[in-house]
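S.K.: Pasting a structure here, questions to come.
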Amino acid sequence: MNGEFSGYDYIRNLFDGVYREDAFNVKTVDEHKQWAEKARKKLMKILGMHTFEKSKLSPVTTEIKEFSDFRCEKITITTQENLKMPFYMLTPKAGSNNKAIIAIHGHGSDGKEGLIKNEREIYRESCERFNYIYARYLAKIGYTVFVPDLLGNGERMLGVSKGTEPECTVINNACISLGISLQGIHVFDLMRLVDYIKEYTELDEKIGVCGFSGGGFSGILLSAVDERIS
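To get this note's numbering, take the position in the sequence shown, counting from 1, and add 108.
Laid out in structure tokens, this is it:
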């Protein structure tokens with residue numbers, strides 16, 4: 109790295125100016141609640157989520173498949189105006205614990221498909237290498253599992269990328285020029301999925317989340333901004 113011309117010192121100085129300005133320095137429960145509320149609002153603003161508006165969910169079930177251990181329903185909801193998200197709901201056929209968990213994909217899984225059973229040859233190697241079918245495992249041990257397609261993946265691709273290459277960078281470049289972010293859309297869509305679970309199912313009020321790679325990151329952010337994730 110060329111220290112004289114790289115711009116590192118410039119960026120580092122900018123970073124130092126805002127570093128840990130909202131550090132977790134609390135001593136009481138009330139202070140923690142105040143810090144958490146402030147941090148939650150700031151994180152949502154950084155992600156551009158403060159500009160998003162909910163639409164009616166208008167859920168539609170488009171497909172039902174039967175597996176040996178669970179039923180798989182494909183459902184579509186509207187998260188914002190002109191924005192729809194498909195997801196699978198896996199319901200155990202026996203031994204249900206009546207608990208909901210959201211399973212979030214990362215890259216290399218063809219979105220939600222790899223978390224159940226991906227039959228497309230171009231994704232098979234990565235799905236097997238990363239043991240991607242954890243949604244099935246969760247259903248087998250009793251969870252009702254919700255498996256969404258995040259924007260830029262699976263059925264929600266624009267079609268501008270080739271092969272298995274995700275479209276996250278292409279979409280995010282457009283988003284940041286509008287003052288929002290693709291990650292913010294991901295988290296907002298997941299919050300709308302939580303809305304669906306709360307409004308249209310009778311599962312336990314405690315909702316869990318898990319994810320791999322980028323899906324794990326989205327799960328962490330969802331847990332940070334949505335108190336319904338427990």
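Quick reminder that beta carbons are idealized off the backbone N, C-alpha and C, glycines included.
Starting from residue 131, trace the beta strand (DSSP E) in both directions and tell me its first and last residue.
M.R.: That residue, residue 131, is in no beta strand (DSSP E); it is neither H nor E in DSSP.
S.K.: Count the other C-beta atoms from every protein chain shown that fall within 10 angstroms of the C-beta of residue 221, then say buried if there are 16 or more, exposed otherwise.
M.R.: Burial call: buried.
S.K.: I'd like the ranges of any alpha helix (DSSP H) spanning at least 4 consecutive residues and lying wholly in the segment 251–285.
M.R.: DSSP runs (the alpha helix (DSSP H)) wholly in the segment 251–285: 276–284.
S.K.: My output table needs one value for residue 315: the three-state DSSP class, helix, strand or coil.
M.R.: Three-state DSSP puts residue 315 in a strand.
S.K.: May I ask which residues mark the beginning and end of the beta strand (DSSP E) holding residue 178?
M.R.: 178–188 is the extent of the beta strand (DSSP E) around residue 178.
S.K.: Between residue 99 and residue 187, is the Cβ-Cβ spacing less than 8 Å?
M.R.: Summary: the structure shown does not reach residue 99, with the chain confined to residues 109 through 338, and so no result is reported for it.
S.K.: Please report the distance separating the alpha-carbon of residue 159 from that of residue 288.
M.R.: Whole-angstrom Cα-Cα distance: 8 Å.
S.K.: Can at least three beta-carbon pairs, one atom from the segment 182–197 and one from the segment 315–332, be found at a separation below 8 Å?
M.R.: no
S.K.: If you count every other CB in all the chains shown that lies within 10 Å of the CB of residue 326, and 16 or more means buried, which is it?
M.R.: buried
S.K.: Taking the alpha carbon of residue 53 as the reference point, which residue from 311, 143 and 284 has its own alpha carbon closest?
M.R.: In the structure as shown, the chain starts at 109 and stops at 338, and residue 53 therefore has no counterpart that could be examined.
S.K.: Along the chain, where does the alpha helix (DSSP H) that runs through residue 353 open and close?
M.R.: It is not possible to answer for residue 353, since the shown part of the chain is limited to 109 through 338.
S.K.: Just the Cα atoms here: how many angstroms apart are residue 163 and residue 255?
M.R.: 21 Å
S.K.: The alpha helix (DSSP H) spanning residue 299 covers which residue range?
M.R.: Residues 290–308.
S.K.: Counting Cβ pairs, one atom from each stretch, are 3 or more of them under 8 Å apart for the segment 167–174 and the segment 210–221?
M.R.: no
S.K.: Quick check: the segment 304–320 against the segment 129–142, are there 3 or more CB pairs under 8 Å?
M.R.: no
S.K.: Can you check whether the CB of residue 154 is closer than 8 Å to the CB of residue 167?
M.R.: no
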